[in-house]
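Structure first, then comments.
Residue numbers (this note's numbering): 210 to 346.
What follows is the structure in structure tokens.
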């Protein structure tokens, strides 16, 4: 299967999970801007079929859940319903405030990652595992 079809299938699967409430928020693969340009129109159709919305994120919320290198210079589709996009943007703004005030450390930094993990509907053990793995990077 070609990569474009694979990515659209993943968006469809995640869209279904968000639609039925298994996940609050889901993410597409991180793609170059050119690759995302080629995908986003069809991704919007796939999202609509699954009763969800997508938001093209070109400045992804980097936390200790994932290595920053995964999304650096890339675009991600945030897959959501309802107010979840605003909750994501609010969390991103909170992180920016903490960074600007030199307070994005320790407990505050971990809380941002933890909240993002909750939005992704990850279980506590997985959030803790990812933070432990990536907080030193």
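A virtual CB, placed ideally from N, CA and C, is assigned to each residue, including glycine.
In this text the structure is predicted, and so the values were computed from the model without any measurement.
When secondary structure is reduced to three states using DSSP, residue 253 falls in the helix class.
When DSSP states are grouped into helix, strand and coil, residue 266 belongs to the strand group. In the DSSP annotation of this structure, the continuous segment of the alpha helix (DSSP H) that includes residue 300 starts and ends at 293–309. For the set 246, 329 and 304, the Cα lying nearest the Cα of residue 318 is the one of 304. Per DSSP, reduced to three states, the secondary structure at residue 210 is coil, with no helix or strand assignment. When 260, 212 and 222 are compared, the shortest CA-CA separation from residue 247 is found for 212. Judged by beta-carbon spacing, residue 227 lies beyond the 7 Å limit of residue 279, meaning their Cβ atoms are not closer than that value. If you look at residue 279, you'll find it isn't in any beta strand (DSSP E); DSSP assigns it neither H nor E. In the structure shown, residue 285 falls within a strand segment according to DSSP collapsed to helix, strand and coil. Measuring C-alpha to C-alpha distances from residue 325 to each of 236, 210, 224 and 225 identifies 236 as the nearest. Going by beta carbons, residue 301 and residue 241 fall outside the 7 Å limit. A distance below 7 Å between beta-carbons, with the five flanking residues on each side excluded, links residue 255 to the following residues of its chain, in chain order: 217, 220, 221 and 224. Across the structure, residue 292 and residue 233 are spaced so that their CA atoms are roughly 10 Å apart. Under DSSP, the beta-bridge partners assigned to residue 234 are 289.
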